[in-house]
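Numbering (my numbering), first residue to last: 1 to 177.
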């Protein structure tokens, strides 16, 4: 009498592409992690911190909520990032007399200097190469990645378009955690 496998969904017959796809996913996650570590060691900034500084340089003085929207992170997350950047002297926050509920954020001279010495964000190179693809190739990649997200049951996970690890390294601007 033949016994059914404990997990009938795993029958031992691997697709010829299964291992290659899994390795590719692992390479992507490792590339993001390694870049994040390199960023912290080279300029003492995390990816989200660098993204906030870049948006402030690009857009000028902003309310915290607008900065959060610009970097596709929650206002609570951005508040923590801004706390560390302000402590490091890379930005300044002020409450306008006209509306004390609003917090305006601006880059400091030290923040502008840090940006001049910071490497580009990981997604900058990716975006440039992705845009060079045909519309059909872009669509095909998008569909394939959406299928992978579904296979990993990750559709409900919130994610920004920043290529950063889910958990940033503990060290951040000026060594603060």
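Glycine residues also receive a C-beta, built at the ideal position from the N, C-alpha and C atoms.
Check, Outcome
"Where residue 120 and residue 131 are concerned, what is the direct C-alpha to C-alpha distance, given to the nearest angstrom?", "17 angstroms"
"So, helix, strand or coil for residue 161, using DSSP?", "coil"
"When the Cα of residue 45 is compared with those of 33, 75, 85, 34, which residue comes out closest?", "85"
"Buried or exposed, going by whether 16 or more other CB atoms sit within 10 Å of the CB of residue 71?", "buried"
"Measure the Cβ-Cβ separation of residue 165 and residue 32 and say whether it is below 7 angstroms.", "yes"
"Please state the DSSP three-state secondary structure of residue 71.", "coil"
"Based on Cα-Cα distance, which residue from 28, 99, 29, 52 lies nearest to residue 112?", "52"
"For residue 168 and residue 47, what's the separation of their Cα atoms in angstroms?", "Confidence at residue 168 is low in this model, with a pLDDT of 48, below 50, so its placement is unreliable and the value that follows should be read with caution. Their backbone Cα atoms lie some 8 angstroms apart in a straight line."
"Measuring straight from C-alpha to C-alpha, what distance separates residue 134 and residue 95?", "46 angstroms"
"Decide if residue 36 is buried, meaning its Cβ has at least 16 other Cβ atoms within 10 Å, or exposed.", "buried"
"With DSSP collapsed to three states, give me the class of residue 23.", "helix"
"Quick check on DSSP: helix, strand or coil for residue 103?", "coil"
"Taking the alpha carbon of residue 55 as the point to measure from, which residue in 69, 42, 43 has its own alpha carbon closest?", "69"
"Leaving aside the five residues before and after residue 89 along the sequence, list all residues of the same chain whose C-beta is less than 7 angstroms from its C-beta, in chain order.", "108, 110"
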